[in-house]
Amino acid sequence: MGTELQSAGRTYRVRTYGCQMNVHDSERLSGLLEAAGYAAAPEGEDADVVVLNTCAVRENADNRLYGNLGHLRPVKDAHPGMQIAVGGCLAQKDRGEIVRRAPWVDVVFGTHNVGSLPTLLERARHNAEAQVEIAEALEVFPSTLPAKRDSAYSGWVSISVGCNNTCTFCIVPALRGKEKDRRPGEILAEVQALVDQGVLEVTLLGQNVNAYGVEFRDRGAFADLLRATGAIDGLERVRFTSPHPREFTDDVIEAMAATPAVCHQLHMPLQSGSDDVLRRMRRGYRQDRYLGIIDRVRAAMPDAAITTDVIVGFPGETEADFEQTLEVVRAARFAGAFTFQYSKRPGTPAAEMADQLPKEVVQERYLRLTALQDEISWTENRRLIGRTVELLVAAGEGSKDAARGRMSGRGRDGRLVHFTAAEGVRPGDVVETVVTQAAPHHLVADGALVSHRRTRAGDASEAGTRPTTPGVLLGMPRIGAPA
Numbered sequence: 001m002g003t004e005l006q007s008a009g010r011t012y013r014v015r016t017y018g019c020q021m022n023v024h025d026s027e028r029l030s031g032l033l034e035a036a037g038y039a040a041a042p043e044g045e046d047a048d049v050v051v052l053n054t055c056a057v058r059e060n061a062d063n064r065l066y067g068n069l070g071h072l073r074p075v076k077d078a079h080p081g082m083q084i085a086v087g088g089c090l091a092q093k094d095r096g097e098i099v100r101r102a103p104w105v106d107v108v109f110g111t112h113n114v115g116s117l118p119t120l121l122e123r124a125r126h127n128a129e130a131q132v133e134i135a136e137a138l139e140v141f142p143s144t145l146p147a148k149r150d151s152a153y154s155g156w157v158s159i160s161v162g163c164n165n166t167c168t169f170c171i172v173p174a175l176r177g178k179e180k181d182r183r184p185g186e187i188l189a190e191v192q193a194l195v196d197q198g199v200l201e202v203t204l205l206g207q208n209v210n211a212y213g214v215e216f217r218d219r220g221a222f223a224d225l226l227r228a229t230g231a232i233d234g235l236e237r238v239r240f241t242s243p244h245p246r247e248f249t250d251d252v253i254e255a256m257a258a259t260p261a262v263c264h265q266l267h268m269p270l271q272s273g274s275d276d277v278l279r280r281m282r283r284g285y286r287q288d289r290y291l292g293i294i295d296r297v298r299a300a301m302p303d304a305a306i307t308t309d310v311i312v313g314f315p316g317e318t319e320a321d322f323e324q325t326l327e328v329v330r331a332a333r334f335a336g337a338f339t340f341q342y343s344k345r346p347g348t349p350a351a352e353m354a355d356q357l358p359k360e361v362v363q364e365r366y367l368r369l370t371a372l373q374d375e376i377s378w379t380e381n382r383r384l385i386g387r388t389v390e391l392l393v394a395a396g397e398g399s400k401d402a403a404r405g406r407m408s409g410r411g412r413d414g415r416l417v418h419f420t421a422a423e424g425v426r427p428g429d430v431v432e433t434v435v436t437q438a439a440p441h442h443l444v445a446d447g448a449l450v451s452h453r454r455t456r457a458g459d460a461s462e463a464g465t466r467p468t469t470p471g472v473l474l475g476m477p478r479i480g481a482p483a
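Right, here's the structure in full:
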């Protein structure tokens, strides 16, 4: 007779920091733990296993991790048998340093061996010592692992992991490795599995999503994938993030315009409007090429909502360089922008560059940029007042909705709309409503709904069920299984 694993009835909680890749990886971690017999910890209760899925890109990521670990120490001391696991990009970077600085951590795993988590937790418990396991290359594509999805109506689908670019400010390629592409049939099968469970919207996900196909040498692969995904019956919305201007080709624009399910929304990172700064960033394009892409997208899809990323204060950025960024922002008329003040990332070439800018200079430029973009966003949003918009009703998008008698949803262009709540409307349903007010970062529709369509996704939301994709489990320990 084999002995039983000592973890029956144990609960878990996954905390996620950083980008969409991490959000989707956390769905995988939840799926792995549930496949191994763990259950999600009820809200308000301490979990037996806490997993921190970390980011190494955001400013102060290290301080945030070790601060959170410090807060967890007394919780663990008061909760015999509790385990703490740290994964993600910061774990890939810091490795055993995490256990040295926080010896109460039980497991450290990296971006390449997400599937090892249940085994490492069991080994740490059995051996009564921390387990640090960092793979140098991807062991299995994450989408072959089980996933417990966060949303009943919208799903992430990875089409690639890793990145072949060498942007001087970015640590991601060093932590996630070279690009690895999934085969189209596997991607479409996963999308179909989600649609079969009522999902209405998918976002195709990659570190450099439009470079998809580079591994099997098919330059048209991403445009073909958009068309094929959009043709799946029952799938109403297809999005993708994040593309790179260097690889962005006209066949992708044509596929977006010609495939009704593909949303007219594009997130196209700019980073800087200065050709000199772009060269030192190693971005592989210049201002003219970037604005040419924007022009061609708008010619094919006049209603397209285009958003971007901008870094302010890159080493050596002059006032003239920054003015070039402001000029591109004025010309592009972005619907919104994620703006960042440059901060050093150890291990990146930019961290060693001369002419690092004083904090006060970066802050002043940042405030000018955000003020300009807010003005543009508000102007563009006011143009939509009086227009009827179709919304996929969302959960948790409006913090003041309940107090104001509203619900929230996303338009096909990705804009957030707060609308007057109506009886019977649930997250995952589809409504039409008329925009009555605009702000820089959202729209308001205070009036009766034009239409309301109940959906299977809404049924699932109401029932509290979420889609799952099973993946393939090979040799994972399962709670309650013979050891």
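Here the sequence shown stands for residues 1 to 483, numbered as in UniProt numbering.
The C-beta atom is built at its ideal place from N, Cα and C for all residues, glycine as well.
Predicted, not measured: the structure shown is a model, and the values here were computed from it.
Practice task
Within the same chain, show all residues whose beta-carbon is closer than 7 angstroms to that of K344, passing over the 5 residues directly before and after it, in chain order.
Solution key: A351
Exercise for the section: On a CA-only basis, which of G336, L33, I159 is nearest A439? Give me that one, please. Expected result: G336
Problem - beta strand (DSSP E) runs contained entirely in the segment 145-182, provided each spans 3 or more residues - result: 154-158
Problem - Through-space distance from E27 to H71, alpha-carbon basis - result: 24 angstroms
Practice task
Identify whether V214 lies in helix, strand or coil by the three-state DSSP scheme.
Solution key: coil
Practice task
Measure the C-alpha to C-alpha separation of T455 and V430 and round it to an integer number of angstroms.
Solution key: 7 angstroms
Problem - Given residue 487 as reference, the closest of D106, A152, N22, G155 once Cα atoms are compared - result: With the chain represented from 1 up to 483, any question about residue 487 goes unanswered, as that position is not in the structure.
Practice task
Please report the Cβ distance between E179 and A221, rounded to the nearest whole angstrom; I am assuming they are in contact, meaning their Cβ atoms lie under 8 angstroms.
Solution key: Wrong, their Cβ atoms sit about 12 angstroms apart, outside the cutoff.
Handout entry: Through-space distance from V202 to V472, alpha-carbon basis
Key = A caution first: V472 carries a pLDDT of 42, below 50, which makes its placement in the model unreliable, though a value can still be read off. C-alpha separation (whole angstroms): 21 angstroms.
Handout entry: Start-end ranges of the alpha helix (DSSP H) lying completely within the UniProt domain "MTTase N-terminal" (10-126), minimum 4 residues
Key = Counting only runs of 4 or more, we get 20-35, 61-77, 89-94, 97-101.
Problem - Per-residue DSSP class, three states only, for V444 - result: strand
Exercise for the section: Classify K359 as buried or exposed, calling it buried when 16 or more other Cβ atoms lie within 10 Å of its own Cβ. Expected result: So K359 counts as exposed.
Handout entry: Pairwise C-alpha distance: G284 and E319
Key = 22 angstroms
Handout entry: Unbroken beta strand (DSSP E) run spanning G336, endpoints
Key = 336-341
Problem - Bridge partner(s) assigned by DSSP for A305 - result: Bridge partners of A305: Q265.
Problem - Separation of R412 from L235, as counted between CA atoms - result: About 13 angstroms.
Exercise for the section: Can you say whether D233 is buried or exposed, counting buried as having 16 or more other CB atoms within 10 angstroms of its CB? Expected result: Around the beta carbon of D233, fewer than 16 other beta carbons lie within 10 angstroms, which makes this residue exposed.
Practice task
Assign S451 to one of two classes, buried (16 or more other C-beta atoms within 10 Å of its C-beta) or exposed (fewer than that).
Solution key: exposed
Practice task
Could you tell me whether the segment 392-407 touches the segment 421-428, where touching means 3 or more Cβ pairs closer than 8 angstroms?
Solution key: Under the three-pair Cβ rule at 8 angstroms, the segment 392-407 counts as touching the segment 421-428.
Practice task
Please say whether A189 and G31 have beta carbons closer to each other than 8 angstroms?
Solution key: no
Handout entry: F222 - DSSP class collapsed to helix/strand/coil
Key = helix
Practice task
Give the secondary structure of R466 by DSSP, where H, G and I count as helix, E and B as strand, and everything else as coil.
Solution key: DSSP, reduced to helix, strand and coil, places R466 outside both helices and strands of the structure shown, so it counts as coil.
Exercise for the section: Tell whether a beta-carbon distance below 8 angstroms holds between L367 and V435. Expected result: no
Problem - Among G162, T468, V262, nearest to M301 - alpha-carbon criterion - result: V262
Practice task
Report yes if the C-beta distance between A255 and R280 is below 8 angstroms; otherwise report no.
Solution key: no
Exercise for the section: Could you tell me which residues DSSP puts in a beta bridge with F314? Expected result: According to DSSP, which records beta bridges pairwise, F314 is partnered with nothing at all.
Practice task
Could you please give me the residues that DSSP links to E201 through a beta bridge?
Solution key: S154, R237
Problem - Inter-residue spacing [alpha-carbon to alpha-carbon] between I479 and Q131 - result: Because the pLDDT of I479 is 43, which lies under 50, any placement of that residue in the model is unreliable, and the number read from its coordinates should be weighed accordingly. Roughly 19 angstroms separates the two Cα atoms.
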